[in-house]
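I have placed the structure first, in the form of structure tokens, so that the comments after it can refer back to it.
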Amino acid sequence: MELIKELFYNSGKPLGELYTWAHGIWAGWGAPPFLLDLIFQIIIGVAVALVVVLNALWIIYYDRKLSALMQIRKGPNRVGPLGLLQTIADTVKLMIKEDINPKAIDVLSFWVAPLIIFVPTFAVFLVLPFGKGLIPADLNIGILYVIAITGLTVIGILAAGWGSNNKYSLIGGLRSAAQIVSYEIPMMLVILSVVLLSGSMKMSDIVAAQANYKWFVIPQIIGFIVFLIVGNAEINRAPFDLPEAESELVAGFNTEYSAMKFAFFYLAEYTNLFLTSAIGATLFLGGWEGPFLPPIVWFFIKTYFVVTILMWIRWTFPRIRVDHLMEFSWKYMLPIALLNLVITAIVIKLV
Amino acid sequence: MKAKKVVKDQKTNKKEKTENMTIKAPFELEKLSNDEYILNMGPQHPSTHGVLRIILKLDGEVVKDLYADVGYIHSSVEKMCENKKYEMIMPYTDRLDYLSAVNYNWAYALAVEKLMGITIPERAEYIRVMLAELNRIMSHLLWYSAYGMDVGALTPIMYAFREREEVIDMIEGMTGGRLTHNAFRFGGFKNDLQKGFMDSLKKFIGHFNDKIDEYEALLINNVILTARTKGVGILSKETAMSYGVTGPSLRGSDCAIDLRKTAPYSIYDKFDFKVCTGKNGDTWDRLKVRMDEMRESTKILKQAMEGIPAGDIMAKVPKIIKPAPGEVYTKVESARGEFGVYIISDGTDKPYRIKFRSPSFSNLSVLKEIAIGSKIADVVAIMGSLDLVIPEIDR
Amino acid sequence: MNFTEILDKLKAGHEVLESKEDLGVLNAWVAPKKIRDVIGFLKDDMHFNQLSFVTAVDLPITNNIEVVYRLFSYETKDNVVIKVKLDRVKPEIETITGIFATANWHERETAEMFGMKFINHPDPNKLLLPDGIEAPLRKDFTCADMVPLPKA
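Protein chains in written order, with numbering that gives the first Met the number 0: chain A, 0 to 350; chain B, 0 to 394; chain C, 0 to 151.
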């Protein structure tokens with residue numbers, strides 16, 4: 000009970016102090032300290048994994064319910080109260096399904112691809128500031144770490160496209176590579192503008208720089224809009240879902256995948272959606288800051304606000320074409336992001 | 000060990016199968032350059048709307064050449080019909096194009112009525128027109144939904160199906176069927192209008208135009224869609240004519256040709272409506288024509304509703320249908336274009352030869368002309384704009 | 000234009016073997032070798048700008064296959080039917096794909112359905128049928144599956 004209070008309400012105390020306190024007790028028992036570190040890391044790892052999985056379950060349900068609302072449907076409403084257990088039923092289904100491996104696959108890349116896609120999304124959770132001090136690893140290059148790690152996803156998609164030995168998959172993989180590489184640049188420029196404002200790449204510092212409701216969304220409104228668009232493109236969701244464009248490429252890079260391997264792609268997609276929104280909330284909407292409610296609740300409220308915007312876009316627009324996608328990035332997003340960065344720099348210098 | 004054995008079994012099975020299949024190879028693989036490759040779109044593909052196979056020769060994403068392979072669901076309807084009595088053929092016609100079945104029934108009924116010289120009571124004509132126009136709306140709504148899916152918009156289908164449901168309910172009340180209606184009879188119509196039909200029609204006409212505006216706002220005028228479809232898949236007037244393209248696909252190319260106006264059948268000359276055309280013949284024009292056509296259909300429905308006379312719904316028709324020897328070709332403007340029925344009668348109760356001229360057949364054949372040079376995504380968008388229904392191509 | 004006018008114009012430059020009016024529509028029989036000329040003339044000079052369909056009729060009694068070309072003019076709203084009688088044993092006729100592009104598919108279908116050959120056709124592949132089925136629309140074609148089911 001103490002711990003939960005610590006985590007959720009006592010926002011003045013960072014996780015580090017908890018760690019020191021535990022170390023004191025540990026040393027009193029005379030146990031070697033590296034064991035405690037190991038235990039701590041395992042606990043954090045398990046906690047993150049739990050958050051990832053539970054959150055994905057919820058976000059998939061949320062997406063389906065929200066899309067149902069927009070499409071004048073009811074959405075899942077049979078399994079469990081209000082259909083809440085639908086995603087669990089789906090997951091169980093995917094787990095017990097036969098894992099089909101086509102004959103002509105490249106075994107290594109086919110098997111490794113889902114992991115390459117999933118692991119980075121998992122790893123990014125380590126630097127998400129859920130609350131004050133409630134950050135698994137507050138790296139001082141936090142946001143750089145995010146960019147670096149999420150960039151790995153493209154390798155997984157390419158591997159999936161190549162390893163499936165299917166032309167649809169290959170086209171999907173190549174599209175995705177082109178897409179992620181081109182949208183990475185405006186993304187970085189936008190994030191750089193925020194870093195200029197906050198003066199630090201540390202996630203906790205970025206949140207701290209927005210204290211007292213000086214959220215970066217106001218000076219960086221253009222940046223925020225660009226971030227939303229570019230972030231949506233980075234995670235391959237409609238209208239930028241070209242790598243898995245259903246009506247063109249059947250299912251794109253995951254055409255040949257089934258069962259748990261497919262589930263990994265699915266999980267990664269929705270976790271990525273959450274991540275992008277969480278980073279957006281942290282960079283532009285003041286992170287966990289907010290009145291009355293505990294910080295972690297505010298963090299989730301803001302994240303889900305961004306998630307809702309992204310879903311709204313997804314369920315409204317038709318798919319963009321591949322050459323328009325490239326044009327959009329290089330001709331519009333990149334110049335706007337660059338201009339935004341320059342203006343931000345000049346304004347900071349002047350003020 | 001076990002897994003390996005299964006794989007081996009699959010291998011042997013596959014080998015047996017391929018020996019019995021013949022594979023058409025329209026592009027010689029040796030002649031492909033290093034950058035080119037072949038992609039089979041279909042026969043199982045989400046956007047071929049049925050069992051249609053498009054073989055694409057691609058260079059990256061750009062389509063260098065394409066070949067449409069049809070016939071996967073050929074059932075030789077014409078041969079079957081030659082062995083059926085005239086009145087037994089009617090249900091076959093609405094299985095050809097299950098989306099605008101009424102117009103297909105109509106063309107066939109017209110053909111037999113013309114052969115036998117039957118005149119139809121006016122009330123029956125009005126009912127036929129109303130049913131056909133409702134059916135056109137129903138078909139266009141389904142096209143709109145499917146087109147949304149083709150271009151990756153998943154929401155329009157739900158909106159269009161909301162109104163389509165209303166239309167289907169009305170048609171169901173009239174004919175008893177929701178998809179393949181089969182309600183036409185030689186000399187008139189199966190039954191008179193149902194109670195309450197006029198009220199629901201009035202209600203539908205009252206709000207449908209607003210809904211069309213909504214559809215246009217949601218999909219047709221969307222900036223991404225206009226960017227994808229304007230200037231893409233341009234079908235020139237001459238090409239369209241030469242390929243025998245008909246219906247909205249032809250009208251998109253600035254040809255004011257609508258059989259309801261150019262060669263009026265039934266009582267269409269009594270109604271005041273506009274033939275909707277596009278200007279450039281690109282994909283977007285074909286979309287817009289269909290949207291406008293729904294508005295015109297609503298107009299016709301309104302006039303029919305106001306003008307419908309009282310009276311009989313069936314003419315006097317002999318019990319046994321035995322047309323005099325001769326031949327006849329009747330055509331109607333179905334939701335996809337000119338659907339024609341060509342019957343050669345030899346004086347018996349079975350047609351000597353019957354030929355269905357289906358619009359999608361010609362409309363698909365033009366795909367090669369307009370899709371080469373575009374992207375994979377464009378092929379889907381163009382194919383969707385032609386509004387193909389595969390059973391009537393394969394027949 | 001009515002039936003006689005079209006016939007007169009057609010007769011002026013081309014040999015019409017036989018003609019008939021059927022429900023107000025001109026049916027004209029021409030020689031197989033002249034088919035390209037006739038269709039070309041109808042398209043270019045008489046404004047028959049739509050080829051509605053190409054099909055054939057099997058006539059085992061006279062040992063003929065009759066190819067039917069139906070044209071329609073969007074300008075004058077006239078119909079005309081051109082028919083060609085071919086030998087049933089070796090039915091061959093020149094393609095008209097160069098005149099109407101739509102003839103490509105219609106001729107392919109007709110060819111496979113009646114076991115015919117269209118000479119100089121750009122794509123002689125079968126359109127609808129799989130290999131191994133020959134001429135199903137000929138009257139003497141019977142299929143083992145066409146036997147009615149036994150009564151239960």
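Where a beta carbon is used, it is the ideal one built from N, C-alpha and C, also for glycine. Just so you know, these numbers come straight off a predicted model, no measurement behind them.
Neighbour flag for residue i against chain B, beta carbons, 8 angstroms
{"i": "residue 325 of chain A", "result": "no"}
{"i": "residue 249 of chain A", "result": "yes"}
{"i": "residue 35 of chain C", "result": "no"}
{"i": "residue 340 of chain A", "result": "no"}
{"i": "residue 70 of chain C", "result": "no"}
{"i": "residue 240 of chain A", "result": "yes"}
{"i": "residue 108 of chain A", "result": "no"}
{"i": "residue 314 of chain A", "result": "yes"}
{"i": "residue 319 of chain A", "result": "yes"}
{"i": "residue 166 of chain A", "result": "yes"}
{"i": "residue 63 of chain A", "result": "no"}
{"i": "residue 70 of chain A", "result": "yes"}
{"i": "residue 233 of chain A", "result": "no"}
Burial state of residue i (16 or more Cβ within 10 Å)
{"i": "residue 230 of chain B", "result": "exposed"}
{"i": "residue 322 of chain B", "result": "buried"}
{"i": "residue 14 of chain C", "result": "exposed"}
{"i": "residue 435 of chain A", "result": "In the structure as shown, chain A starts at 0 and stops at 350, and residue 435 of chain A therefore has no counterpart that could be examined."}
{"i": "residue 99 of chain C", "result": "buried"}
{"i": "residue 147 of chain B", "result": "buried"}
{"i": "residue 380 of chain A", "result": "For chain A, the structure presents residues 0 to 350; residue 380 of chain A sits outside this window and is missing."}
{"i": "residue 394 of chain B", "result": "buried"}
{"i": "residue 332 of chain B", "result": "buried"}
{"i": "residue 350 of chain B", "result": "buried"}
{"i": "residue 197 of chain B", "result": "exposed"}
{"i": "residue 310 of chain A", "result": "buried"}
Cβ-based neighbour list, residue i, same chain, cut-off 8 angstroms, excluding 5 preceding and 5 following
{"i": "residue 177 of chain B", "result": "167, 170 and 171"}
{"i": "residue 185 of chain B", "result": "85, 86, 108, 111, 112, 115, 117, 316 and 320"}
{"i": "residue 109 of chain C", "result": "53, 54, 55, 66, 115 and 117"}
{"i": "residue 2 of chain C", "result": "20, 23, 24 and 25"}
{"i": "residue 195 of chain A", "result": "340, 343, 344 and 347"}
Identified DSSP bridge partners for residue i
{"i": "residue 130 of chain A", "result": "A:133"}
{"i": "residue 346 of chain A", "result": "DSSP output for residue 346 of chain A lists no bridge partner at all."}
{"i": "residue 55 of chain C", "result": "C:66"}
{"i": "residue 406 of chain B", "result": "Summary: the structure shown does not reach residue 406 of chain B, with chain B confined to residues 0 through 394, and so no result is reported for it."}
{"i": "residue 356 of chain B", "result": "B:339"}
{"i": "residue 26 of chain C", "result": "C:19 and C:80"}
{"i": "residue 344 of chain B", "result": "B:325"}
{"i": "residue 188 of chain B", "result": "B:183"}
Other residues of its chain near residue i: CB distance less than 7 angstroms, five sequence neighbours each side excluded
{"i": "residue 21 of chain B", "result": "Only weak support is given to the placement of residue 21 of chain B: the predicted model assigns it a pLDDT of 46, under 50, and the question is left unresolved by the model."}
{"i": "residue 140 of chain A", "result": "200"}
{"i": "residue 8 of chain A", "result": "Note that residue 8 of chain A has pLDDT 44, beneath the 50 cutoff, so the model's placement of it is unreliable and no number is given."}
{"i": "residue 136 of chain B", "result": "166, 293 and 296"}
{"i": "residue 76 of chain C", "result": "none"}
{"i": "residue 133 of chain C", "result": "114"}
Min CB distance residue i to chain C below 8 angstroms
{"i": "residue 196 of chain B", "result": "no"}
{"i": "residue 146 of chain B", "result": "no"}
{"i": "residue 47 of chain B", "result": "no"}
{"i": "residue 0 of chain B", "result": "Because residue 0 of chain B sits at a pLDDT of 38, beneath the cut-off of 50, its placement in the model cannot be relied upon, and the following sentence gives the value as read from the coordinates. Judged by the 8 angstroms Cβ criterion, residue 0 of chain B is not in contact with chain C."}
Neighbour flag for residue i against chain A, beta carbons, 8 angstroms
{"i": "residue 52 of chain B", "result": "no"}
{"i": "residue 291 of chain B", "result": "no"}
Close Cβ partners of residue i (< 6 angstroms) along its chain, the five nearest in sequence each way excluded
{"i": "residue 285 of chain A", "result": "209 and 214"}
{"i": "residue 182 of chain A", "result": "229, 232, 233 and 328"}
{"i": "residue 129 of chain A", "result": "295 and 298"}
task: Could I get the ranges of all uninterrupted beta strand (DSSP E) runs contained in the stretch 65 to 134 of chain C, with 3 residues as the minimum, in chain order?
output: Segments of the beta strand (DSSP E) lying fully in the stretch 65 to 134 of chain C: 78 to 86, 91 to 93 and 116 to 118.
task: Starting from the N-terminal side, write out each stretch of the alpha helix (DSSP H) that is 4 residues or longer and does not extend beyond the stretch 282 to 341 of chain B.
output: As far as the stretch 282 to 341 of chain B is concerned, its whole alpha helix (DSSP H) runs of at least 4 residues are 282 to 306.
query: If you scan the stretch 200 to 230 of chain B from start to end, which runs of the alpha helix (DSSP H) of 4 or more residues do you find wholly inside it?
result: Taken in chain order, the complete alpha helix (DSSP H) segments of 4 residues or longer contained in the stretch 200 to 230 of chain B are 222 to 228.
- request: Note down, one range per segment and in chain order, each alpha helix (DSSP H) of at least 4 residues found wholly within the stretch 184 to 226 of chain A.
  value: Counting only runs of 4 or more residues that sit fully inside the stretch 184 to 226 of chain A, the alpha helix (DSSP H) segments are 202 to 208, in chain order.
task: Please list the segments of the alpha helix (DSSP H) lying wholly inside the stretch 105 to 149 of chain B, counting only runs of 4 or more residues, in order along the chain.
output: Segments of the alpha helix (DSSP H) lying fully in the stretch 105 to 149 of chain B: 121 to 149.
- prompt: For the stretch 43 to 96 of chain B, which segments carrying the beta strand (DSSP E) assignment without a break, of at least 3 residues, lie completely within its bounds, in sequence order?
  reply: Within the stretch 43 to 96 of chain B, the complete beta strand (DSSP E) segments at least 3 residues long are 52 to 58 and 61 to 68, listed from N- to C-terminus.
message: For a minimum of 4 consecutive residues, which ranges assigned as the alpha helix (DSSP H) are wholly contained in the stretch 16 to 82 of chain A?
response: Listed in chain order, the complete alpha helix (DSSP H) runs (minimum 4 residues) inside the stretch 16 to 82 of chain A are 32 to 69.
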